[in-house]
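First to last, the protein sequences are chains A, B, C and D. Counted the way the UniProt record's numbering counts, the first sequence spans residues 1 to 346. Counted the way the UniProt record's numbering counts, the second sequence spans residues 1 to 346. Counted the way the UniProt record's numbering counts, the third sequence spans residues 1 to 346. Counted the way the UniProt record's numbering counts, the fourth sequence spans residues 1 to 346. Think of the CB as a built atom: it goes at the ideal place given N, C-alpha and C, for glycine as much as any other residue. In this text the structure is predicted, and so the values were computed from the model without any measurement.
4 protein chains.
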Amino acid sequence: MIKAGIIGATGYAGGELVRILMGHKDVEVKWYGSRSYIDQKYAAVYQNLFQIVEGVCKDDNMEELANQVDVIFTATPQGYCASLLKEEILSKVKIIDLSADFRIKDQKVYEEWYKIEHKSPQFLPEAVYGLCEINREKIKGARILANPGCYPTCSILSIYPLAREGLIDMNTLIIDAKSGTSGAGRGAKVDNLYCEVNENIKAYGVATHRHTPEIEEQLTLASGTKTVLNFTPHLVPMNRGILVTAYASLKREVSYDKVKEIYDRYYAGEQFVRVLEKGVCPQTKWVEGSNYVDVNFQIDPRTGRVIMMGAMDNLVKGAAGQAVQNMNLMFGLPEKEGLNLVPMFP
Amino acid sequence: MIKAGIIGATGYAGGELVRILMGHKDVEVKWYGSRSYIDQKYAAVYQNLFQIVEGVCKDDNMEELANQVDVIFTATPQGYCASLLKEEILSKVKIIDLSADFRIKDQKVYEEWYKIEHKSPQFLPEAVYGLCEINREKIKGARILANPGCYPTCSILSIYPLAREGLIDMNTLIIDAKSGTSGAGRGAKVDNLYCEVNENIKAYGVATHRHTPEIEEQLTLASGTKTVLNFTPHLVPMNRGILVTAYASLKREVSYDKVKEIYDRYYAGEQFVRVLEKGVCPQTKWVEGSNYVDVNFQIDPRTGRVIMMGAMDNLVKGAAGQAVQNMNLMFGLPEKEGLNLVPMFP
Amino acid sequence: MIKAGIIGATGYAGGELVRILMGHKDVEVKWYGSRSYIDQKYAAVYQNLFQIVEGVCKDDNMEELANQVDVIFTATPQGYCASLLKEEILSKVKIIDLSADFRIKDQKVYEEWYKIEHKSPQFLPEAVYGLCEINREKIKGARILANPGCYPTCSILSIYPLAREGLIDMNTLIIDAKSGTSGAGRGAKVDNLYCEVNENIKAYGVATHRHTPEIEEQLTLASGTKTVLNFTPHLVPMNRGILVTAYASLKREVSYDKVKEIYDRYYAGEQFVRVLEKGVCPQTKWVEGSNYVDVNFQIDPRTGRVIMMGAMDNLVKGAAGQAVQNMNLMFGLPEKEGLNLVPMFP
Amino acid sequence: MIKAGIIGATGYAGGELVRILMGHKDVEVKWYGSRSYIDQKYAAVYQNLFQIVEGVCKDDNMEELANQVDVIFTATPQGYCASLLKEEILSKVKIIDLSADFRIKDQKVYEEWYKIEHKSPQFLPEAVYGLCEINREKIKGARILANPGCYPTCSILSIYPLAREGLIDMNTLIIDAKSGTSGAGRGAKVDNLYCEVNENIKAYGVATHRHTPEIEEQLTLASGTKTVLNFTPHLVPMNRGILVTAYASLKREVSYDKVKEIYDRYYAGEQFVRVLEKGVCPQTKWVEGSNYVDVNFQIDPRTGRVIMMGAMDNLVKGAAGQAVQNMNLMFGLPEKEGLNLVPMFP
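Right under this line is the structure:
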């Protein structure tokens with residue numbers, strides 16, 4: 001039985017992690033870290049877990065925690081995990097960080113986009129970017145796992161096969177993404193009130209969103225071409241789900257069948273990526289509550305572009321589910337363990 | 001391995017049944033009956049099940065079906081199951097009927113409220129009303145299981161302990177219920193269009209809703225007093241969930257602790273009923289996707305009434321989940337098998 | 001031209017008041033009071049009013065304000081208006097208070113339910129309860145107008161004709177109400193975040209909600225019988241709208257036509273109350289953005305009860321619209337001035 | 001007083017037209033055409049208009065209608081208006097067509113994208129494309145007014161100034177649009193049921209949507225460059241609103257101030273286009289119920305692109321409001337008459 005501790009257990013990603021781990025037969029949650037709710041019952045914060053979770057919220061003490069558990073999940077604000085990490089901790093426990101602290105290899109890029117100083121850059125080289133479908137082998141041996149951002153997960157998996165195959169002009173890439181509101185977290189802000197979000201849609205962080213360099217770094221690696229792109233996120237009146245609509249110019253004329261064959265080949269063995277059938281556009285509702293990413297594409301011969309689409313549950317494959325998938329790999333468990341989550345419809 | 005067939009597999013209750021059975025280790029779905037989608041892939045109707053369900057939709061042939069499976073679920077319009085049932089079928093297979101055909105013992109009452117003729121009244125006496133928490137022993141031996149209505153399940157479980165204990169005046173009972181829109185089914189009607197339901201709430205079927213006599217019959221049995229009550233359903237802009245707010249006059253003064261002790265005692269061994277803590281009102285979101293019913297109550301000393309509340313997922317405990325719970329009992333499986341569904345929040 | 005000042009202009013009720021007054025040809029808003037946004041452009045807080053409202057938010061100084069305007073609207077937390085009011089102010093300006101401070105005549109009842117001390121009980125006797133359909137004549141001469149609560153407006157107008165006519169047993173009254181989320185205000189609280197409210201419904205303030213004594217007082221006056229009732233509000237995932245479903249035992253058998261005749265007679269001359277046709281249940285969407293209250297009823301001969309229903313936009317007839325209707329009466333303008341708001345559907 | 005007739009009065013655009021015309025002091029609606037609801041009260045179809053609209057639905061007889069009214073609005077399926085139009089009708093009455101029949105000058109392009117034969121191509125040359133901000137003078141003299149599509153209105157107004165000024169490379173244009181569900185009409189289809197749309201987002205008509213050639217034609221005219229672009233609409237779980245996010249490469253480096261100056265100049269005299277302040281992204285909620293289009297832009301120096309954004313109420317500026325604006329121009333009324341609609345928030 002793997003013993004797990006969670007720091008930041010009462011945010012939405014933390015809550016989803018607890019929900020998933022409750023159904024994981026090889027994991028026991030030993031520590032529900034939450035500075036805001038210390039000494040309160042965890043199930044009083046998330047009443048959906050009443051009579052399911054018995055634990056009480058504790059303060060964040062990573063050093064003490066490292067003595068008690070095998071793996072620590074940090075679902076915390078940017079900068080927090082990096083400020084706590086030490087070699088001594090890493091010698092005892094594996095870290096799966098759901099924040100952005102170890103996602104970007106270049107410290108300067110991180111500091112520019114996140115506007116904070118990185119407190120433990122010495123660990124950047126060894127941290128592994130945890131997009132299982134791309135980095136599976138490296139993940140298995142990781143001590144520090146940088147769990148990918150929600151937008152990057154959906155964006156990269158939608159684009160990866162064509163980027164890797166060199167079919168698209170990487171400098172024409174435009175990613176227009178739409179997210180449910182749980183992505184904004186559980187902080188009490190006027191902007192996230194029901195009445196402000198409901199019956200409304202808006203773009204935000206236009207040309208400045210922090211997930212941009214993360215996507216660029218990974219697609220640069222995939223394509224072998226320095227990639228600079230536009231990424232525009234939108235806030236959608238729904239709880240869960242991310243939809244990505246990405247546009248790129250094809251380098252040469254290519255048939256539907258050829259592109260379909262590429263997607264099928266890249267994701268043939270993958271348990272959590274579904275390449276949809278011809279003409280079927282991904283919908284976030286079809287993956288809700290599950291660890292799936294649904295992808296598909298459409299070629300537009302009029303413009304010579306390909307439109308690549310992906311849908312995902314931002315809290316599962318975009319956060320907690322992927323974290324568990326990574327944990328499974330890191331601990332030698334079957335990758336799907338605890339993740340047999342059938343999407344819920346409607 | 002139990003072989004199951006579903007007639008009416010492409011309605012919302014049928015779809016939910018498939019979702020749940022996909023996670024049930026002792027059941028295999030052999031027949032996806034759907035007259036509207038014959039020969040189409042089931043997963044093309046419910047794309048959430050793409051690459052999970054491989055079956056193709058078939059016509060409804062109960063006699064052929066009875067030769068192939070151990071249990072037939074009928075998630076069909078009122079009157080349909082009763083029109084198909086025969087002794088020959090029942091000799092081969094167990095029937096779990098999600099429609100109202102066998103819920104009400106009195107044929108006349110059924111025909112008055114449902115405005116249709118009952119086509120197989122000879123089976124009414126042996127049919128068992130499948131509210132597991134009340135009829136567990138009878139369910140185990142049933143051939144025809146009448147799966148309770150969604151509103152009745154939530155209403156009865158919220159009121160049952162006090163009705164049974166004789167604490168409330170049954171003739172003062174008023175049930176004000178609120179349901180998500182999936183309860184209205186997947187039929188293409190203007191009234192159920194997104195724009196008609198969204199940002200809107202209304203009562204419907206006021207003083208005439210068909211679930212009224214079902215609730216009355218069960219509460220009459222529970223209390224030993226002929227019960228006539230008001231039941232008013234409302235349509236709420238959400239996909240899933242039923243909330244019941246029920247009012248009754250207390251026959252005598254009684255303390256919070258006494259009433260709490262009654263609820264706790266009645267539901268002590270129950271795996272799917274959660275009696276919430278003092279002052280916590282049930283919320284539908286806390287049970288979404290799960291087989292739980294959350295109940296609680298509030299005494300109002302000013303008026304001498306008790307307000308009884310319950311929340312439930314109408315498609316799970318109110319339909320497909322309860323059907324599986326009944327199936328488990330009928331086939332001697334652990335009652336919770338396949339129903340370890342942790343509520344999803346948010 | 002009437003000069004108006006608003007204290008609490010950046011809450012939802014304040015914002016709605018501004019929206020309505022922008023279309024009122026006899027009123028000019030001179031003061032946008034908002035402690036949270038001092039010196040910020042009002043239209044930067046409510047971007048819907050960009051290029052429509054030019055004003056800047058100011059601090060709350062009721063004494064200064066009284067010198068500049070003819071009427072002050074207070075859309076402020078409970079207790080605030082009462083703490084500011086003085087005879088000197090009232091000698092210069094009319095007050096329309098959207099808070100509860102002057103709604104309840106009995107100071108003790110106010111203090112018990114609101115848990116605060118009333119700071120200017122000397123004005124309670126002269127304050128007029130501003131439900132126009134009932135108190136029209138008194139309103140015309142008022143200096144202090146207590147604008148009714150949202151739930152009480154909809155509840156009282158739904159029940160008033162039958163209470164006044166003595167047709168219902170006032171001690172059997174149960175009011176089950178459902179409100180959109182704007183009723184909870186614009187404060188940044190976790191409970192009102194999009195993800196907490198969406199896809200969810202719950203009761204709150206069960207047997208303890210502060211609007212209870214307000215409804216009781218008015219219905220006691222209407223019926224001439226001391227009325228104690230149950231009032232249960234629910235939070236519904238929608239921005240606007242209140243739906244009331246009220247239950248009472250009829251004192252004697254009475255026909256549909258008789259009851260319909262009563263409702264029609266009571267509301268015959270009313271411009272903002274619509275008695276719906278037989279069998280049509282009120283829906284909140286049908287009154288959205290307008291000052292209408294739609295009412296109807298259903299007699300249940302089985303239980304001897306009548307179910308009374310009402311629907312209203314909580315921010316208009318339940319707050320800002322009614323405030324303007326009161327202002328029109330107080331200043332001798334046509335009651336409908338500025339309130340020709342056609343409900344928006346869908 | 002202008003007499004107006006509406007064919008297709010019971011669709012969502014027709015209903016919105018009625019709502020707006022109820023507040024227009026110079027227009028009287030004489031004919032509520034609706035084949036589905038002949039002889040039924042119009043207010044029984046749209047209960048929001050109960051006691052506001054007294055008319056009864058009539059069949060569609062354009063010839064009879066032409067004798068009775070001054071202007072006919074057709075809010076009908078594609079092809080219908082073109083099939084009815086005759087010179088004799090046009091000699092008596094002005095036509096404002098909310099369908100696509102006269103929007104595209106090139107008959108072949110229309111027939112290719114709409115997959116129907118155009119039944120009165122002889123009128124195509126004289127029909128005027130009714131985007132008031134661009135074609136104001138021509139609109140004044142029009143007999144046949146082609147009211148623009150919802151997506152094209154928002155797209156073109158967002159892009160027009162930069163296209164016209166030659167600042168952007170027209171062959172790099174990508175328009176990613178998001179619409180509320182009322183755009184899908186009031187037809188009873190499973191895809192538009194509440195439970196299918198709610199908590200969901202999807203792209204549709206990818207690379208094939210019929211509004212594409214309309215946008216291309218207008219932007220070709222504006223820029224003087226043959227424009228072929230990608231247009232991708234998405235269905236968003238909200239009733240109303242369209243948001244456009246458009247991307248194009250800048251032909252040369254240009255400052256924020258310069259671009260802002262262009263937008264401000266182009267829309268300086270416009271009553272219904274609001275150029276937002278720096279850094280403020282348009283939100284659909286801020287224009288709900290009004291005839292405004294809010295536009296803004298963001299330059300991304302990293303990629304050399306400009307992101308152009310627009311938000312609008314699809315039923316108002318995207319359909320009925322723009323139709324009234326056109327009517328005002330065609331009849332010599334003030335352009336804003338009947339359109340003083342303040343956006344409703346929340």
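- Under 9 Å between beta-carbons, which chain A residues line up against C:LYS189? List them in chain order, please. ALA188 and LEU193
- Per-residue burial, C:ARG103 [other beta carbons within 10 Å of its own, 16 or more giving buried]: buried
- Query: Checking contacts by CB at 7 Å: is B:ASN198 closer than that to chain D?
  - Reply: yes
- Complete runs of the beta strand (DSSP E) confined to the region 172 to 244 of chain A [at least 3 residues]: 174 to 179 and 230 to 235
- By DSSP, does B:LYS115 sit in helix, in strand, or in coil? coil
- Query: Taking contact to mean at least 3 C-beta pairs separated by less than 8 Å, is the region 284 to 301 of chain B in contact with the region 247 to 262 of chain B?
  - Reply: yes
- Message: For A:HIS118 and A:VAL236, what's the separation of their Cα atoms in angstroms?
- Response: 31 Å
- Query: With distances taken between CB atoms, is the gap from A:ILE139 to A:ALA246 smaller than 7 Å?
  - Reply: no
- Message: Could you check whether the region 281 to 294 of chain A touches the region 161 to 178 of chain D, counting it as contact only if at least three pairs of C-beta atoms, one from each stretch, sit closer than 8 Å?
- Response: no
- Message: Here's a check: name, in chain order, each residue in its chain whose Cβ is nearer than 7 Å to the Cβ of A:LEU315, leaving out the five neighbours to either side.
- Response: TYR12, ALA13, GLU16, SER182 and ARG240
- Task: Could you name the residues of chain A that C:ASN239 contacts, counting a contact when the two beta carbons are closer than 8 Å?
- Result: TYR194, CYS195, ASN198 and GLU199
- Residues bridged to D:ASN296 [DSSP beta-bridge criterion]: D:MET309
- Query: So who's on the other strand from D:LYS58, going by DSSP bridges?
  - Reply: D:GLY33
- Can a CB atom of chain A be found closer than 7 Å to the CB of B:GLY289? yes
- Query: Using a C-beta to C-beta distance shorter than 7 Å, which residues of chain B count as neighbours of D:THR181?
  - Reply: TYR194 and CYS195
- Item | Cβ distance (whole Å) where C:VAL342 is taken to contact D:MET22 below 8 Å | 5 Å
- Message: For A:ILE242 and B:VAL295, what's the separation of their Cα atoms in angstroms?
- Response: 34 Å
- Message: Using beta carbons (cut-off 7 Å, strictly below), is A:TYR247 in contact with chain D?
- Response: yes
- Query: Can you give the Cα-Cα distance for C:SER83 and C:ASN135, rounded to whole angstroms?
  - Reply: 26 Å
- Under 9 Å from the C-beta of C:TYR46: neighbouring residues of chain A: Here the premise fails: no neighbours, minimum Cβ distance about 11 Å.
- Query: Excluding the five sequence neighbours on either side, which residues of its own chain have a C-beta within less than 6 Å of the C-beta of B:VAL109, listed in chain order?
  - Reply: PRO213
- Task: Within its chain, find whatever has a CB closer than 6 Å to the CB of C:ALA75; leave out the 5 residues flanking it on each side and keep chain order.
- Result: GLY8, GLY11, ALA13, GLY14 and LEU98
- Assign A:ALA311 to one of two classes, buried (16 or more other C-beta atoms within 10 Å of its C-beta) or exposed (fewer than that). buried
- Task: Classify B:GLY187 as buried or exposed, calling it buried when 16 or more other Cβ atoms lie within 10 Å of its own Cβ.
- Result: exposed
- Query: In three-state terms, what does DSSP make of B:THR284?
  - Reply: helix
- Message: Using beta carbons (cut-off 7 Å, strictly below), is C:ASP176 in contact with chain B?
- Response: yes
- Interface residues of chain B facing D:TYR32 [CB-CB closer than 7 Å]: Residues of chain B passing the Cβ test: none, with the nearest at roughly 17 Å.
- Message: Which runs of the alpha helix (DSSP H) at least 4 residues long sit entirely within the region 77 to 101 of chain C? Give them in chain order.
- Response: 80 to 84 and 87 to 90
- Task: Could you work out which residues of chain E lie near C:LEU243, taking near to mean beta carbons separated by less than 8 Å?
- Result: The structure shown contains no chain E; the protein chains it does contain are A, B, C and D.
- Whole-angstrom distance between B:ASN147 and D:ILE95, CA atom to CA atom: 57 Å
- Item | Interface flag, A:THR218 vs chain D, CB-CB below 7 Å | Sequence check: residue 218 of chain A is Gln here, not Thr. No, its Cβ sits nowhere closer than 7 Å to a Cβ of chain D.
- Query: Among D:GLY149, D:ASP106 and D:GLN122, which one has its Cα closest to the Cα of D:CYS132?
  - Reply: D:GLY149
- Name the chain A residues that come within less than 7 Å of D:ILE262, Cβ to Cβ? Result: empty, since nearest Cβ-Cβ is about 18 Å, beyond 7 Å.
- Item | With 16 other Cβ atoms within 10 Å as the buried cut-off, status of B:GLU54 | exposed
- Message: Let's test the definition: count the other Cβ atoms within 10 Å of the Cβ of C:PRO334 and tell me whether it reaches 16, buried, or not, exposed.
- Response: exposed
- Message: Mapping the DSSP letters down to three states, classify D:GLU28 as helix, strand or coil.
- Response: strand
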